[in-house]
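In my numbering, the protein residues as written are 233 to 350.
Using N, Cα and C, we set each Cβ at its ideal position, and we do this for glycine too.
Small disclaimer: the values here were computed from a predicted structure and weren't measured.
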């Protein structure tokens with residue numbers, strides 16, 4: 233399985249990346265902005281994406297997910313430090329996604345991705 237991580241908190245992204253790699257998951261890239269994710273996806277298609285809802289610099293993870301759905305339908309797991317309920321309402325129109333509230337344990341995140349890929 234190939235995963236793309238879009239997370240602006242570098243320590244969190246590194247923890248996910250290390251755990252996923254130890255679990256046999258290929259992390260194709262860890263990026264901090266949706267524009268970087270788009271560039272990566274021009275050359276490689278992930279099986280799943282871990283996507284922070286609110287990225288630095290005003291980047292919007294939910295808006296990026298809506299854009300992605302025009303050409304890619306893989307699982308998206310949103311991570312957020314904000315209200316789980318509000319975020320769930322915001323993503324209700326985006327298929328094949330799930331929200332997890334930070335801090336998210338890497339193992340739980342990985343389990344959810346695998347579950348969504350079935």
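In this structure residue 282 is in contact with residue 341, their Cβ atoms being roughly 7 Å apart against a cut-off of 8 Å.
Counting C-beta atoms within 10 angstroms of its own C-beta, residue 299 has fewer than 16 neighbours from the protein chains shown and is therefore classed as exposed. By alpha-carbon distance to residue 272, the top candidate from 234, 256, 284 is 234.
Assignment of beta-bridge partners to residue 292 by DSSP yields 286. A direct Cα-to-Cα measurement between residue 344 and residue 291 gives close to 24 Å. Contact check for residue 279 against residue 306 passes: the beta carbons are separated by less than 8 Å.
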